[in-house]
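Trainee: The sequence shown maps to residues -10 to 179 in my numbering.
Idealized CB from N, CA, C, for every residue including glycine.
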Amino acid sequence: MVNVLVALDHSDHSKAAFYNALMLMRNPEDVLYLVSVMQEYPAFAVGGVFTPSDAFSAVDGETKKAYTNLLQEYAQLCIHDKIEFHLLLAHSNHIGEMLCQTVEEKKIDYLVLGRKGSSRIKRVFMGSTSKFCMEHASCNVLVVKEVLDSAHLLQHEKSLGEIRNLSEDIKLTRSQEVHRRTHNVKMQSQ
């Protein structure tokens, strides 16, 4: 059994990460964790007036609703492909730390995330989530750089279907082999 964690947001890079995560899942027992981390921002001053963080509760509520809907959309894809999955919605002021913590807690084998290609200035001041995870996660990390176009998405879905069918065929063949051996043992003992 393989546990795969994919970090999701509303970007095309995230969608590409999701489809790449599916390619890592080759057995029906594998589990996919879909996680979205909402960025927390501390209270700050606007125009010399202190603005408490609860002033942003309406914005936070809308963000939570948007991420919940996003996770539900990906959940529907998992249901369609008969993939065992878990949804996680987290809050953190450091997305990379939250992802690495989740890797530890859920005993994740692969962490998959998209690389947004943040500006150089942003990376200097805030750092890169993918770089942080590559350096600190206790599992293998796959950073997906390329956004998938429609043709690539169709190819991924076709490949995933072929892998699932092959996996089912192998499982069925193994089951038939075990049944045959069990039947032969019973016949020999009689």
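1) Name, in chain order, the residues that DSSP records as bridge partners for Phe7.
2) Helix or strand or just coil, what does DSSP make of Val136?
3) Taking the continuous alpha helix (DSSP H) assigned at Ser119, which residues delimit it?
4) Return the CA-CA distance between Arg109 and Leu60, expressed in angstroms with no decimal places.
5) When the Cβ atoms of the segment 62 to 75 are set against those of the segment 116 to 127, are three or more pairs found closer than 8 Å?
6) Are three or more beta carbon pairs between the segment 68 to 82 and the segment 99 to 106 nearer than 8 Å?
7) With a threshold of 16 other CB atoms inside 10 Å of the CB of Asn(-8), please say whether the residue is buried or exposed.
8) Taking the continuous alpha helix (DSSP H) assigned at Met87, which residues delimit it?
9) Kindly indicate the opening and closing residues of the beta strand (DSSP E) around Thr16.
10) Looking at the unbroken beta strand (DSSP E) that takes in Ser81, where does it start and where does it end?
11) Could you name the residues of the same chain whose beta carbon sits closer than 6 Å to that of Ala6, not counting the 5 residues immediately before and after it, in chain order?
12) Under the rule that 16 or more other beta-carbon atoms within 10 Å means buried, what is Met115, buried or exposed?
13) Taking just the CA atoms, how far does Val130 sit from Met12?
14) Determine which residues share a DSSP beta bridge with Asn129 and list them.
15) Based on DSSP bridge pairs, tell me the residues matched to Ser25.
16) State buried or exposed for Asp1, treating a residue as buried only when at least 16 other CB atoms are found within 10 Å of its CB.
17) Skipping 5 residues on each side, what residues in its chain have a beta carbon closer than 8 Å to that of Leu195?
18) Glu29 and Ser81 - do their beta-carbons sit closer together than 8 Å?
Mentor: To lay it out plainly:
1) In the DSSP assignment, Phe7 is bridged to no other residue.
2) In the structure shown, Val136 sits in coil (DSSP, three-state: anything other than H, G, I, E or B).
3) Annotation for Ser119: the continuous alpha helix (DSSP H) segment containing it runs Thr118 to His125.
4) Reliability fails at Arg109, whose pLDDT of 49 lies under 50, so the model's placement of it is uncertain and no value is given.
5) As far as the Cβ criterion goes, the segment 62 to 75 does not touch the segment 116 to 127, which means the pair count is below three.
6) The segment 68 to 82 vs the segment 99 to 106: no contact.
7) Buried is the call here.
8) Counting along the chain, the alpha helix (DSSP H) containing Met87 begins and ends at Ile84 to Lys95.
9) Note that residue 16 corresponds to Asn in the displayed sequence, not to Thr. No beta strand (DSSP E) contains Asn16, which DSSP labels as neither H nor E.
10) Residues Glu73 to Ser81.
11) The answer, listed in chain order, is Val(-5), Val101, Leu102, Gly103 and Val133.
12) Caution is warranted here: a pLDDT of 44 is assigned to Met115, below 50, making its placement in the model unreliable, and no coordinate value can be reported.
13) When only Cα atoms are considered, Met12 and Val130 end up about 14 Å apart.
14) In the DSSP output, where bridge partners are listed per residue, Asn129 has Tyr99.
15) As computed with DSSP, Ser25 is found in a beta bridge with Leu78.
16) Counting Cβ neighbours within 10 Å, Asp1 comes out exposed, since fewer than 16 surround it.
17) Not covered by the structure: residue 195. The range shown for the chain is -10 to 179.
18) Cβ distance < 8 Å, so Ser81 and Glu29 count as in contact.
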